[in-house]
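Note that the protein sequences, when read in sequence, are chains A and B.
First residue of the first sequence? That's 143 in our numbering, and the numbers climb one at a time after it.
First residue of the second sequence? That's -3 in our numbering, and the numbers climb one at a time after it.
Each residue gets a CB set at the ideal place from its N, CA and C atoms; glycine is no exception.
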Amino acid sequence: MIDKTSASLIEALSQIKDGSTIMIGGFGTAGQPAELIDGLIELGIKDLVIVNNNAGNGDYGLAKLLKAGAVRKIICSFPRQSDSWVFDELYRAGKIELELVPQGNLACRIQAAGMGLGPIYTPTGFGTMLAEGKPVLNHEGKDYVLENPIRADFALIKAYKGDRWGNLVYRKSARNFGPIMAMAAGVSIAQVQEVVELGALDPEHIVTPGIFVQHVVQI
Amino acid sequence: MSYIKLTRDQIAERVAQDIPEGAYVNLGIGLPTRIASYLPEDKEVFLHSENGLLAFGPPPAAEDEDPELINAGKEFVTMLSGGAFFHHGDSFAMMRGGHLDICVLGAFQVAQNGDLANWHTGAPDAIPAVGGAMDLAVGAKKVFVTTDHVTKHGEPKLVSELTYPATGLKCVDRIYTDLCVIDVTDKGLVVIEKVAGLSFAELQAMTGAELIDATV
């Protein structure tokens, strides 16, 4: 019997080693897997490369991980926010590396990795400082920039309900990066509000099929 | 003659007049967000938010606020009947695949060829953040910009060439300022409306690029 819900939160996270690249779902705090992030802090995992849309809010979740000094580099689209003081201080002190990526390029680079594609040509960023030094192409009159896929060792995501095969559904705008990050990581760990019986999720409505998910942890 | 500048709400109201029924529209953070309040209730317009919403509605009552139902500005919203949730891959496919009819963005500068700067001042100590601005600039069928005509120090924001870092090249179609409405065309910046009492010469003097007068 396959049961992806059997490992505890700490057991599931224990396979993450120092230096790993980790995708963390969420747009601001919506869809941010705060309990999984707290687990990373508890385990003391360090030297991480984090992929997220933002760079932490307040002193919550991802911001707390940054504050713990666990993150070497962050790949994101919108680090500067009214409540990003933890990141701002680390960045100004030169204690964290930033790779700034337009949001759509972040999404499609994650998707490229999940789909097994190599570098992809994208229209976004052409002619801007975020495309400096990157190969370009004009195709049918439109300009494109070559961007590399973003792959991760782990994805930590938040879903609404999951079953023991790893099938997931999400809640409202908390879905955001979850489905595409689950596809682009070697091991995806989902925290869910509720683990349901196999068959309780309508196959027509499953958003992330279990093939993309290795662990489901109920919070 | 003297003239009165449009308020931010009046600019928003003016843009709303150019959004037809059935349009799929992304309203940027700040002034563009206010446009939603001026869309007539009898007109069905689909508002898109890049974090994964289509056909969202006005803010909820305080007791109905849901931290998992927010727009790209991280404000609480509601969903209209018929609205949809989707992930970031699909959301940016809508934006970059030419499916959005209109996006409305703010600006630091717009150049006379339609180049847009709105994400980074270029100041060495600034922490950069870009979000979906570059995707909207290249992806929407029509890119509208709302902006004050000049900075608070009186410097033109419509310029011959950008001095701020670009968001997108030749991407702006129409500019709504507190003084006028301008179409960006192959011939240059064409003024199609201006506030009462403002002469074309006065407007030109506050603009860092050559204007073409189509208001007469």
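Which listed residue (the options) has its alpha carbon closest to that of residue i
{"i": "V311 (chain A)", "options": "B:F81, B:D62, B:D60", "result": "B:F81"}
{"i": "G341 (chain A)", "options": "A:P221, A:G352, A:I331", "result": "A:G352"}
{"i": "P345 (chain A)", "options": "A:F319, A:A326, A:N318, A:N309", "result": "A:N309"}
{"i": "D201 (chain A)", "options": "A:N194, A:K146, A:D180, A:K188", "result": "A:D180"}
{"i": "D131 (chain B)", "options": "B:L43, B:F88, B:I15", "result": "B:F88"}
{"i": "A297 (chain A)", "options": "A:Q157, A:E153, A:I164, A:I144", "result": "A:I164"}
{"i": "E157 (chain B)", "options": "B:R10, B:V106, B:V177", "result": "B:V106"}
{"i": "V76 (chain B)", "options": "B:A192, B:H84, B:H83, B:P55", "result": "First, the amino acid is wrong: residue 76 (chain B) is Leu here, not Val. The candidate whose alpha carbon is nearest that of L76 (chain B) is B:P55."}
{"i": "A162 (chain B)", "options": "B:N114, B:S195, B:Y20, B:K183", "result": "B:N114"}
{"i": "M323 (chain A)", "options": "B:D179, B:H83, B:L185", "result": "B:H83"}
{"i": "F189 (chain A)", "options": "A:G320, A:G258, A:I292, A:G211", "result": "Reading the sequence as shown, one finds Asp at residue 189 (chain A) and not Phe. Cα-wise, what sits closest to D189 (chain A) is A:G211."}
{"i": "F354 (chain A)", "options": "A:M257, A:N199, A:F229", "result": "A:M257"}
{"i": "K237 (chain A)", "options": "A:Q245, A:V243, A:P244, A:V228", "result": "A:V228"}
{"i": "L23 (chain B)", "options": "B:G164, B:A51, B:P16, B:H44", "result": "B:H44"}
{"i": "T350 (chain A)", "options": "A:Q360, A:V287, A:I331", "result": "A:I331"}
{"i": "P63 (chain B)", "options": "A:K206, A:D160, A:Q174, A:S219", "result": "A:Q174"}
{"i": "T181 (chain B)", "options": "B:G127, B:D174, B:C167, B:A192", "result": "B:C167"}
Backbone CA spacing between residue i and residue j [nearest angstrom]
{"i": "H149 (chain B)", "j": "M202 (chain B)", "result": "12 Å"}
{"i": "V337 (chain A)", "j": "G304 (chain A)", "result": "5 Å"}
{"i": "D111 (chain B)", "j": "G118 (chain B)", "result": "16 Å"}
{"i": "S156 (chain A)", "j": "I187 (chain A)", "result": "9 Å"}
{"i": "L208 (chain A)", "j": "R234 (chain A)", "result": "14 Å"}
{"i": "H281 (chain A)", "j": "Y263 (chain A)", "result": "10 Å"}
{"i": "Y172 (chain B)", "j": "E339 (chain A)", "result": "55 Å"}
{"i": "T3 (chain B)", "j": "H145 (chain B)", "result": "12 Å"}
{"i": "L194 (chain B)", "j": "V177 (chain B)", "result": "13 Å"}
{"i": "I15 (chain B)", "j": "L27 (chain B)", "result": "16 Å"}
{"i": "A188 (chain B)", "j": "D179 (chain B)", "result": "The residue asked about is misnamed: residue 188 (chain B) is Ile in this sequence, not Ala. Their Cα atoms are separated by approximately 7 Å."}
{"i": "L154 (chain B)", "j": "T29 (chain B)", "result": "22 Å"}
{"i": "A154 (chain A)", "j": "K146 (chain A)", "result": "10 Å"}
Residue i: contacting residues in chain B (beta-carbon distance under 7 Å)
{"i": "L242 (chain A)", "result": "P124, V126"}
{"i": "N309 (chain A)", "result": "The contacting residues do not exist; N309 (chain A) stays about 15 Å from chain B at best."}
{"i": "Y233 (chain A)", "result": "I123"}
Buried versus exposed, by CB contacts within 10 Å (16 or more), residue i
{"i": "A122 (chain B)", "result": "exposed"}
{"i": "V212 (chain B)", "result": "exposed"}
{"i": "A294 (chain A)", "result": "buried"}
{"i": "H95 (chain B)", "result": "exposed"}
{"i": "Q333 (chain A)", "result": "buried"}
{"i": "L259 (chain A)", "result": "exposed"}
{"i": "N375 (chain A)", "result": "Missing from the structure shown is residue 375 (chain A); chain A here goes from 143 to 361 and no further."}
{"i": "K70 (chain B)", "result": "buried"}
{"i": "P36 (chain B)", "result": "exposed"}
{"i": "H116 (chain B)", "result": "buried"}
{"i": "H347 (chain A)", "result": "exposed"}
{"i": "P244 (chain A)", "result": "buried"}
{"i": "P221 (chain A)", "result": "buried"}
Start and end residues, alpha helix (DSSP H) containing residue i
{"i": "I331 (chain A)", "result": "It is not in any alpha helix (DSSP H) - I331 (chain A) instead sits in the beta strand (DSSP E) that spans 327 to 337."}
{"i": "N290 (chain A)", "result": "Segment: none, N290 (chain A) is in no alpha helix (DSSP H) and carries neither H nor E."}
{"i": "D86 (chain B)", "result": "84 to 92"}
{"i": "Y160 (chain B)", "result": "Run containing Y160 (chain B): none; DSSP gives neither H nor E here."}
{"i": "N247 (chain A)", "result": "245 to 257"}
{"i": "K314 (chain A)", "result": "Premise fails: K314 (chain A) is in no alpha helix (DSSP H) and is neither H nor E."}
{"i": "K209 (chain A)", "result": "204 to 209"}
N-terminal and C-terminal residue of the beta strand (DSSP E) that residue i is part of
{"i": "A51 (chain B)", "result": "49 to 53"}
{"i": "D144 (chain B)", "result": "Premise fails: D144 (chain B) is in no beta strand (DSSP E) and is neither H nor E."}
{"i": "I353 (chain A)", "result": "Where I353 (chain A) is concerned, there is no enclosing beta strand (DSSP E), given that its DSSP letter is neither H nor E."}
{"i": "F81 (chain B)", "result": "74 to 81"}
{"i": "A107 (chain B)", "result": "105 to 107"}
{"i": "V177 (chain B)", "result": "176 to 181"}
{"i": "D209 (chain B)", "result": "207 to 209"}
Chain-ordered chain A contacts of residue i [CB-CB under 7 Å]
{"i": "T163 (chain B)", "result": "T270"}
{"i": "N114 (chain B)", "result": "Result: empty, since nearest Cβ-Cβ is about 11 Å, beyond 7 Å."}
{"i": "K70 (chain B)", "result": "G170"}
{"i": "N49 (chain B)", "result": "Reading the sequence as shown, one finds Leu at residue 49 (chain B) and not Asn. Simply S315."}
{"i": "M91 (chain B)", "result": "G246"}
{"i": "V46 (chain B)", "result": "The amino acid occupying residue 46 (chain B) in the given sequence is Glu; Val does not appear at that position. The contacting residues are Q245."}
Proximal chain A residues relative to residue i, where beta-carbon distance stays under 8 Å
{"i": "R170 (chain B)", "result": "Those do not exist, as R170 (chain B) stays about 21 Å from chain A at its closest Cβ, beyond 8 Å."}
{"i": "F88 (chain B)", "result": "Q245, G246, A249, C250"}
{"i": "E64 (chain B)", "result": "A172, G173, R313, K314, S315, A316"}
Proximal residues of chain B, C-beta to C-beta of residue i below 9 Å
{"i": "R214 (chain A)", "result": "Going along chain B, no residue has its Cβ under 9 Å from R214 (chain A), so there is no contact; the nearest lies around 18 Å."}
Neighbouring residues, chain A, relative to residue i (Cβ below 9 Å)
{"i": "E59 (chain B)", "result": "None at all; the shortest Cβ gap to chain A is about 17 Å."}
Closer than 8 Å: residue i CB and nearest the ligand SAM heavy atom
{"i": "Q13 (chain B)", "result": "Here there are no bound small molecules, and the ligand SAM is not part of this structure."}
Listed by chain order, chain B residues near residue i by CB distance under 8 Å
{"i": "S219 (chain A)", "result": "A125, V126, G127, G128"}
{"i": "F319 (chain A)", "result": "H83, H84"}
{"i": "G341 (chain A)", "result": "Within chain B, no residue comes near G341 (chain A); the closest Cβ sits about 23 Å away, beyond 8 Å."}
{"i": "D180 (chain A)", "result": "Result: empty, since nearest Cβ-Cβ is about 17 Å, beyond 8 Å."}
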